[in-house]
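In this note's numbering, the protein residues as written are 1 to 307.
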């Protein structure tokens, strides 16, 4: 599908309950507004900025007064914050149809999450993994309802291909991985995005038979806050390596909305898709189920005390 018009191509989603992480700015905000235009029953979004959330909530109430919207304060770099946010979500909902794991950071300096994990891996991947673990029982219950179509969508990146040798450096994930020099920020970013692709595959393998569709998508390249917030050198790197690839910002949520709402038939559970709805190139790294299994085991062990 090369041409996609969300106004025409998003099907009826009335009755759907949707949760989007990082929904207060950039691609996440665009996704919230695009989906809200199609009258879901309830759209929830997470973020760290209360002021941005207030602005978005006003816009939603003004443009789509019939749609219930809820802001959930949540910091994906803090596992305790995710626990708190999840409790709030579960207290509000009796079902959850669509979870879009959108929030993320890119090419930031070496640092750690509040729980001591490499900051990009911890925020982009591990935080979402905990959120999924805490909400999965509700999603599995939802999947048993008549006509259910339950989905988990990961916002990853074709940049995953820049991962360090071996894909995921498990032994170093509780360090800032400053041993990765020169392209270190990008390698750490790529590692986190590869983890998202592999986790989607593992979720599909384990829960596809129970009605869960888990896929990962590359949204395209756009001048969002992730890019504009980079240093001059990092912005130059993005511009040069993506020459001719920058898309129109009005289209930046298209692949996400396609993944979240298009007909389930023809979508490969666990698949990786580029814009819009194009099956991503299959290579050894993004289909490495042995690595996916190892990532699953690592994640289960690390998050055991938080679930």
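Beta carbons: idealized from backbone N, C-alpha and C, even for Gly. Just so we're clear, the structure is a prediction, and the values are computed from it rather than from any experiment.
Beta-carbon spacing of residue 256, residue 11 below 7 Å: Not in contact: residue 256 and residue 11 (Cβ atoms no closer than 7 Å).
Determine the burial state of residue 187: buried for a count of at least 16 other Cβ atoms within 10 Å of its Cβ, exposed for fewer. buried
Can you tell me whether residue 265 is helix, strand or coil according to DSSP? coil
Candidates 154, 30, 17, 21: which alpha carbon is nearest residue 39's? 17
Per DSSP, what kind of secondary structure is residue 128 in: helix, strand or coil? Residue 128 falls in the helix class under three-state DSSP.
Of the residues 53, 19, 31, the one placed nearest residue 7, counting alpha carbons only: 31
Tell me, please, which residues DSSP counts as bridged to residue 38. DSSP, once it has assigned bridges, lists no residue as partnering residue 38.
DSSP on residue 197, reduced to helix/strand/coil? helix
Short Cβ contact (7 Å threshold) for residue 254 with residue 221: no
Between which two residues does the alpha helix (DSSP H) harbouring residue 298 extend? 289–303
In the DSSP assignment, the beta strand (DSSP E) including residue 6 goes from what residue to what residue? Note, residue 6: premise wrong, no beta strand (DSSP E); alpha helix (DSSP H) at 6–9.
Assign residue 219 to buried or exposed, taking buried as 16 or more other Cβ atoms, counted over all protein chains shown, within 10 Å of its Cβ. Per the 10 Å Cβ criterion, buried.
Residue(s) in a DSSP beta bridge with residue 150: 212
Would you tell me roughly how many angstroms separate the C-alpha atoms of residue 162 and residue 191, rounded to the nearest one? When rounded, the distance between both Cα atoms is 8 Å.
Residue 20 - partner residues in DSSP beta bridges: 45, 100
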